[in-house]
Structure formats: C-alpha cells, structure tokens
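There are 2 protein chains.
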Amino acid sequence: MAKDFITKEENYSQWYNDLVQKADLAETSAVRGCMIIKPYGYAIWEKMQAALDKMFKDTGHYNMYFPLFIPKSFFSKEASHVEGFAKECAIVTHYRLKTSPDGKGVVVDEDSKLEEELIVRPTSETIIWDAYRNWIKSYRDLPILANQWANVVRWEMRTRLFLRTTEFLWQEGHTAHATEAEAMKEAQQMLNVYANFAENWMAMPVIKGLKSANERFAGALETFCIEALMQDGKALQAGTSHFLGQNFAKAFDVKYLTKENKQEYVWATSWGVSTRLMGALIMTHSDNNGLVLPPKLAPIQVVIIPIFKTAEQLALIAEKVLPIKKALEAKGISVKFDDRDTVTPGWKFSEYEFKGVPIRLAIGSRDLKNGTIEVARRDTLEKATYQFTDIENKVEHLLELIQINLFQKANTFKFNNTYHAENWEDFKNILDTKGGFIYAHWDGTPETEQKIKEETKATIRCIPLNNHLEKGKCVYSGQPSTQKVIFARAY
Amino acid sequence: MAKDFITKEENYSQWYNDLVQKADLAETSAVRGCMIIKPYGYAIWEKMQAALDKMFKDTGHYNMYFPLFIPKSFFSKEASHVEGFAKECAIVTHYRLKTSPDGKGVVVDEDSKLEEELIVRPTSETIIWDAYRNWIKSYRDLPILANQWANVVRWEMRTRLFLRTTEFLWQEGHTAHATEAEAMKEAQQMLNVYANFAENWMAMPVIKGLKSANERFAGALETFCIEALMQDGKALQAGTSHFLGQNFAKAFDVKYLTKENKQEYVWATSWGVSTRLMGALIMTHSDNNGLVLPPKLAPIQVVIIPIFKTAEQLALIAEKVLPIKKALEAKGISVKFDDRDTVTPGWKFSEYEFKGVPIRLAIGSRDLKNGTIEVARRDTLEKATYQFTDIENKVEHLLELIQINLFQKANTFKFNNTYHAENWEDFKNILDTKGGFIYAHWDGTPETEQKIKEETKATIRCIPLNNHLEKGKCVYSGQPSTQKVIFARAY
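Going down the list, the sequences are from chains G and C.
The first sequence begins at 20 in our numbering and counts up by one.
The second sequence begins at 20 in our numbering and counts up by one.
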C-alpha cells in the first residue's frame, strides 16, 4: 500500500495530499473545494467531537442548532464582520428548478427568485444574535452558554483537504454574559479547553496567545488562539476563542435589565475548532510509512493479526486471542481482529501501519507454543515479543506510553524549531533555511506586520499569553518594542 | 408557565405550536421555513441521535460526510429523482457579495456567477453514487454500509416546526451491495431498526409497511416505511427505507467485477429519519399540561425539588438528597437538583411538568423527619409518598414502568383508532368523524389512490408487511382487490 508513497523530504505538500487520500481519510469531490470525508477519516473526527463535546458540557455548555441560511441584510449589521466574510460566501438566489427548454436536464426557474438572497453561513454570529435579542430580557436569562456542531461555507480560492475547504465541519460556541469580566473569562476558559484537547488528546503541543489586530476575527475585540507547529516548519492555527465585547449586542440591539433595573448591552464570546484539526493531527505525527495516530483518537487502537495457513491453525489462534480481545474491550480499548484469508499477513501489516493503528499484535503457531505474542508500536516502529501473561494490562500501559511519547516527540520538535531573531537578516535567514516559530521584537503596528508579511509571507501567529516583557527594537522597523512576538509562515 | 396554554381539544394544531415554543424545543427563525432548535429540544434530539447511531453501528454501519452542495447536472441523471426534488430546492448561483452602489449594505456581485449552479442537498443519492463509482471496482469493495448525519433543504411552501421545515436535520444511510437479495435484506433490516427505535425508545407504536407507487421515494423501486398515529387521528410517516434497485448505479455507471469476472451494476438502498421524529414524539405522548417524554429520551429523567424556607433547611435537605442524586447518576440516570431560591417550588413543579420530566421528587422538612419523599409521575400525574429506603432502585424501576406505560397507552390509542371501512360511505364517515387508521380494500391502481386523495385528503399510508390477504372490492371503485391497505389523513 505504501509502495508508491512519496516521502515527506521529497515533497511535503504532496506527501500530505497522498497520505490523506491513501489512508482513506478524505478525497476531493465533484464540487469545487468541497471534500468527502471518508469513513476512516470521519471515525477520527467523531472521536474528536466526542471528546470536545464532553469538555464543553463539563464546563456548563449545551448544544442547539441555528439555520444554515442567513438573510443578506443581517450581514451588513456589524461593519467589520461583513467586511471579513462578504467576499467569500455562497449565495442562494432561487428555490426551484424546471425542465430546460430543450428538454435535456434542468435549469433555474427565474420565477423562483428570492426577494432577499440567503447566505450559506460562513459563521453564525449574526443569525444567533438576532435570536438572542428575544431570548434575553433580564439578568436572569444570562449567561447563555450555547454551542452548535454544524457545517459552514467559505468560498476559498485555494483549497486543500481538511486544511482549507469551501465547506467544513466545525463547532461554534456563542455565549452571552452580563459583564465584560465574565465574557473575558469565558473566552479564556474555552482557549484552555482547546489547548487541553490539543495537547492531551491530539498529543499536539500548542502555544496559547492573542492575535494581533490584523489577524483578529472580523467583529472581535480580542481573538485568543492556539498555534501549533507542523513538521515542515509551518505554523497552523488550531483553534480560536473570541472576546466580542458588545459589538454584536449593539448591532442586533440585545440589551438586558440588570439587577439594578438598568438596560445594558450584553457581552459576547464565540469560539470554534473545525475539521482543520484533522490536518493538524496528520502533520504533527505522521511519517513516511503513513498515518500515525495518538491512541486517544485512533478508531482502531489495537489490531490483532493471526499468522496462519490452515483453518485449523486459525481456529487455534482465535481461541487464544479472542479472550484477549474481549479483555481489552472491557477496558474500553477498540480492537480489530483481522482474520481475512484473502490477503497476506504482510499486506495487513502495511495496511494498518499506513492507517496509523497504534499497536499491532501478531500471533502464529510458534507463538502459541511459546505462550508469546509479537507487539509492534506504530510510533517507534519497534517490535517486541511479549509473554501472554497479563497481556491486556501491558497493552493498555503501552497505549498510554505511546500517547505520551507522541506528545513528547512533537514537543521536542517544536522546541528544536523555535528561534529568536535579533535582526532582519537573522529573521529572513531563519525563515528561509529553517522555518519554525520565530520570536522577534515588533513595534506593535499593523503597518510593520503587513510589510513583513508582504516581504516574507510570515505573519504574527500570536502574542503569547503571559509573555516575557523586555525592551528591544523591532526586527523590521527598528522602532522601540516592549516584547517579542511569534512569527511564522502558516497554513 | 402552562397558564395561557391552549388545550388539545380546543385546537390541536395551536396546542402543538404553543407546546413546541413554550417548552423551549424550537422556534421559527428569521429565515423563511427554517427553525431554531433550542437547547432543550436539541438535547432530546441528541439522545435520539445517540441511540440510533449505536443501532447503526451495531448493525455494521459507519459514518462519513459528503458535500452540502450538489452540481445541478447530477440531478438530471436519475429521471424520477429530479422530478421529485427539482421543484423545491435552494440554488446557489453566486459566491461573492460587494458593497452596494449606495454604500448601504451589500449586494450580490454579478461577476461571481457560477458556471454551473449548485443545489443545496435535499438528499444525497446523486453525489454519493457519483463517488461510489470510484470506490467500487470489485466484489471485494462491497458492501458499503455508510451513513451520514447532515442537514438537508427542501423548499417547502407550508412549514411547521419539526414536522415540515425548509432545513431539517437527519441521517441518510447509503449502502451498496453485490446482489439484489442483499440490498433488499438491508432495506428491511433498517426498517426494523427504525421500528425498534420508535417503539422501544420513543414508546411510539408503528406499523411497518410498503408505500404504494404514488408515495414512493423518487428513484426507489420499493419504499418501506413506519407509520405512527398521532393523538388527533392523523398519521405520521416516521421513517423510510428504500430499496433503490440498480437505478442510481445505472444513472452514475457504478459497476463491479463479480467473483466470476463479470461486470454488474451495483444494488443500492437508502434510509433516513429526521428531526420530524421530534414532532412525532410530542404528538404521541404530550397532554394539556405540556410535554410528556419517555424516560429513555428525556434529557432530565428525574428532578429533585427541595421545599425550604431557610438556608439551614435547604442544607439539611441537600445533605439527604445529594447522595440519592449520586446513587441515581451511578445508574446512568440523569438527575437535576433544583435548589434555586429565586422561584417557588410550585413554579418549579409546573416548569418541569411542562417540560415533560418523567419523575419529580419533592422533599421538605417534614419528609426529612419521616424519612419519606414525594414521588410524582409525569405520565399519570400520580403522586405517592415513598420511604427513603432503597429509593434509587424504586426510582429506576419507576422509570422503566413509565417507559412501558407510555408505549401501552399509545398502543391502546392506536388500537382504538384503527377502523375497517367496508364501503365508501363508511370510509368517508370514519374519516370525518373519527380519523385514525382505516383499513380498506383498494384496487391497486394509482388512479384510484389519487381520486381518494383528491376527494378526502386521505392517502395510503402503507401496505402492511405480512398483510392478511383476502378477496374484496375496492372501497372506491368497486373493482376486485386482494387485500386491505391502510388509509389516513397524514402530516
């Protein structure tokens, strides 16, 4: 399976595309920029959803569902919001097809033109805050801690599977609060939820920070983000949490009666992660043998492959390993016993390796005699022979080790690819020869950030939270600076 | 809360609408025909999803995700399919907005017109079968047992919350098989899954049957369905499972190589249930005091309400009931302890009653002394005083009883509202005075069915599976008939 698979070193971008398709994660569709998420890819996304959804609920949130369509007029109500999304949205203008005059196929029925066009949601702040106006009357109605799992559409010109697609799946939290402090606390709390998920489920180290004004969400006062570093030295924004202030409350006239009987505008946050995380997961761990999955997100955590020639041999092996499978499943571990006789064990080995199954157990007639089983780790590709005794606990322990090892490996990579640039030559040199996260002084102006972007394609990924303050000179303009921020080229 | 709530007897339709909104299940949105599913309503839908998803997986299915948009040309490929859906679909024609000439708001940028329009999926057979052409090469690639949870859009002219909305949420299974027999078996299996879910989770009795040609899914050879009877005597189609034959395989040229090295067209099924089930659930059990939920689908199964005046009293009650809450939760029962002091116990009583919480536990200072607790059932509105001893097992048992009672009650209603009409006068009379399911002989022609529909608004709900065969005369035409089928006016 992995035979005609290009290496990361040859062409990282093609390696990624090939991996996504050959590992049956996703493929392009007949619709420009829209992807098909295949069953194996979707199973990983479901694991992500389940873990995140539980974290949201554990922090007091609940789900709801708002319409796919947004009336065009809603868009204009928040000035910077429309500016940010107007240029890339799918627009519904008609609601009926009719047989074409030549009798072949169908055409749009012009009589079905809508009075007001509908926008396929690129994000739902506007339609949600229009409804919150009716939901919120007094302080007793606050906070609202709602989330929705949904599809959204942004008409991207250059698309890549998972990383940037016209339609993608995501969750969008939309909360409403009585006070600024509470909304700010919520935005930070959700940033921490995302960081926790990224590090402890995806095994992907992240930097928590604030976006500069240029990179802020259209309509936010502050955008918090988690930034991860991919294997090719490019950064990836993995999740954002926005403090929206009273912008949307003002645009949609959402006020509440305080305990003191005053009318005040409501404070808001929104926060989201998307199927983009699938791309981040792939580019954090995978290798030239295919996908590598952290155990906590692997649809199949352990695969058991019998080595047999006859049905009798298979029966003896099955008798031995089925109880092991059961014992592992009782621990909540997902196990596949692949006893097909239509493909060879070697073919199965490379298939599951390519699909990133964390642990492979192989067992043949000799193992049966010796009371042993071969254990192979996907993360290190190491093989070892284990005694049967207590095998389920050994495997459970190994899964935990693999989860930790993947995080540590990625964290070491991040550490080794984080640089400090003290001057402009340095900066460009690191960017062109090494990539990675670059700490550099910045004068704090959008103009400088814009110029750096134009000259190098690097952007400010974030201003890290609790950043170390130190006086210095901007790496580009030479103007005074109070802190270093993180630059990188990014997905 | 229920004070200004109209009774079912006064106006069933308004009773339904009021209930949906006052119980915080859903509301209309700013977008024509699209609903907002509110957190409490969505929590019920999530319970439905979880139970169904598990049933799908237990029968070997897996999830995937296909694009929201379908190229217009795909639609015309299966003739009856386009006929069925062309008149009610949302059409995307442009992908960019621009500032309007007068500077106020935004308008569609005509330069962004799409070469080929995109249809917002009303159902996904066409785009899925276009992809299956590449997924299926040989018998080894079969079966495909895929499902997707998605939103779909059908431009309905008359909409009602949950029952008929322009956008709705659903799941759509799309399977591919090597043989006709296997596909037929799959379609029947999924019908049984739906019936099991309806009866054992929703506590809603259903009749399993086949649709007549008039009512068949656009593109199917056979449509299996489950039909339920609502409290007002109207029927509701609660789920359908389609045997698609080779129609879509032929339209999209999907062939496979058999073991015997021949090229054959693939056999297909599709099956779906939607947020319409929420409407069915409401109209099966609810009463003039509000929503009634079967325990298996209730987001809150037990509510505990302390009766207290002082903080000390509350503390003593909490000390007693929090361990009960924990014990119930350990059994997987969801419990809410509502100790708010901003509203009265009476207010809480009617709130949870209106929201259909199956069991209410109330406890005051006197109960503490006596070692008792008041237990109220939502289904019968009965109250009883229980001893504390073993309370968690008593409550667990009572939840099971309520689940069974709701089914039995609905089943008795269905039995009492099922009639046999032997002639046309009978038929019209039953329909106008009683409603319900009407068994009547039918000559088997679409013409007769159409005329009956025109004259009475009643349609054939289904031809029951394993129907009793008996010779008779069509209730309308007098022509010979081999069996009675079920007629009703329907949602």
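We put the beta carbon where it would ideally sit given N, CA and C, even for glycine.
DSSP three-state assignment for residue i, whether helix, strand or coil
i: L335 (chain G); result: helix
i: L87 (chain G); result: coil
i: R159 (chain G); result: helix
i: G103 (chain C); result: helix
i: K355 (chain C); result: strand
i: A247 (chain C); result: strand
i: M20 (chain C); result: Confidence at M20 (chain C) is low in this model, with a pLDDT of 48, below 50, so the placement of that residue is unreliable and no value is reported for it.
i: I226 (chain C); result: strand
i: Y114 (chain C); result: coil
i: T501 (chain G); result: strand
i: C493 (chain G); result: coil
i: N486 (chain G); result: coil
i: L44 (chain C); result: coil
i: N82 (chain C); result: strand
i: V39 (chain C); result: helix
i: R152 (chain C); result: helix
Start and end residues, alpha helix (DSSP H) containing residue i
i: M302 (chain C); result: 295–304
i: F434 (chain C); result: 410–435
i: E205 (chain C); result: 199–219
i: T452 (chain G); result: 443–452
i: Y61 (chain G); result: 58–77
i: E370 (chain G); result: 364–373
Where the beta strand (DSSP E) containing residue i begins and where it ends
i: V172 (chain C); result: 163–172
i: E283 (chain C); result: 282–284
i: S260 (chain C); result: 254–264
i: W461 (chain G); result: Taken as a continuous stretch (DSSP letters only), W461 (chain G) belongs to no beta strand (DSSP E), as it is neither H nor E.
i: A381 (chain C); result: 378–382
i: A195 (chain C); result: 186–196
i: E406 (chain G); result: A small fix is needed here, since residue 406 (chain G) is Gln in this sequence, not Glu. Element bounds for Q406 (chain G): 402–406.
i: R51 (chain C); result: No beta strand (DSSP E) holds R51 (chain C); DSSP gives it neither H nor E.
Within-8 Å CB hit, residue i to chain C
i: H416 (chain G); result: no
i: T78 (chain G); result: no
i: T112 (chain G); result: yes
i: M203 (chain G); result: no
i: R177 (chain G); result: no
i: N266 (chain G); result: no
i: K117 (chain G); result: yes
i: A165 (chain G); result: yes
i: V311 (chain G); result: no
Neighbour flag for residue i against chain G, beta carbons, 8 Å
i: F181 (chain C); result: no
i: L137 (chain C); result: yes
i: L516 (chain C); result: Residue 516 (chain C) is absent from the structure shown; chain C starts at 20 and stops at 510.
i: G122 (chain C); result: no
i: A62 (chain C); result: yes
i: M20 (chain C); result: For M20 (chain C), the predicted structure reports a pLDDT of 48, less than 50, and the residue's modelled location is therefore unreliable. A value from the coordinates is still provided. Not one chain G Cβ lies under 8 Å of M20 (chain C).
i: W174 (chain C); result: yes
i: V4 (chain C); result: Nothing about residue 4 (chain C) can be reported from this structure: the residues present for chain C run from 20 to 510 only.
i: V127 (chain C); result: yes
i: E65 (chain C); result: yes
Identity of the residue in the options nearest residue i by Cα
i: R480 (chain G); options: G:S260, G:T467, G:Y458; result: G:Y458
i: W15 (chain C); options: C:K96, C:H460, C:L418, C:H80; result: Outside the displayed span of chain C (20 to 510) sits residue 15 (chain C), for which this structure offers no information.
i: I352 (chain C); options: C:E393, C:K76, C:V504, C:L418; result: C:L418
i: E129 (chain C); options: G:V139, G:K117, G:I110; result: G:I110
i: Y514 (chain C); options: G:G375, G:Y81, G:Q256; result: Coverage of chain C is limited to positions 20 through 510, which leaves residue 514 (chain C) absent and any answer about it impossible.
i: S384 (chain C); options: C:I226, C:L161, C:E338; result: C:E338
i: S32 (chain G); options: G:E393, G:T112, G:M249; result: G:M249
i: V127 (chain G); options: C:V127, C:V126, C:E107; result: C:E107
Within-8 Å CB hit, residue i to chain D
i: N170 (chain G); result: The structure shown has no chain D; the protein chains it does contain are G and C.
- Task: Give, in chain order, every residue of the stretch 139–153 of chain C whose Cβ lies closer than 9 Å to some Cβ of chain G.
- Result: Listed in sequence order: V139, I146, I147, D149, A150, N153.
- Message: For the stretch 43–59 of chain G, list every residue whose C-beta sits within 8 Å of some C-beta in chain C, in sequence order.
- Response: Within the stretch 43–59 of chain G, those residues whose Cβ lies closer than 8 Å to any Cβ of chain C are, in chain order, E46, S48, A49, V50, C53, M54, I55, I56, K57, P58.
- Query: Listed from N- to C-terminal order along the chain, which residues in the stretch 272–296 of chain C have their beta-carbon within a distance smaller than 8 Å of any beta-carbon of chain G?
  - Reply: The residues in question: there are none.
- Item | Under 8 Å (Cβ pairs) to chain G, residues found in the stretch 82–108 of chain C | Listed by position, the residues of the stretch 82–108 of chain C near chain G (Cβ gap below 8 Å) are N82, M83, Y84, F85, P86, L87, F88, I89, P90, K91, S92, F93, F94, S95, V101, A105, K106, E107, C108.
- Item | Contact set between the stretch 348–366 of chain G and chain C, restricted to residues whose Cβ is under 8 Å from the partner | Answer set for the stretch 348–366 of chain G: T361.
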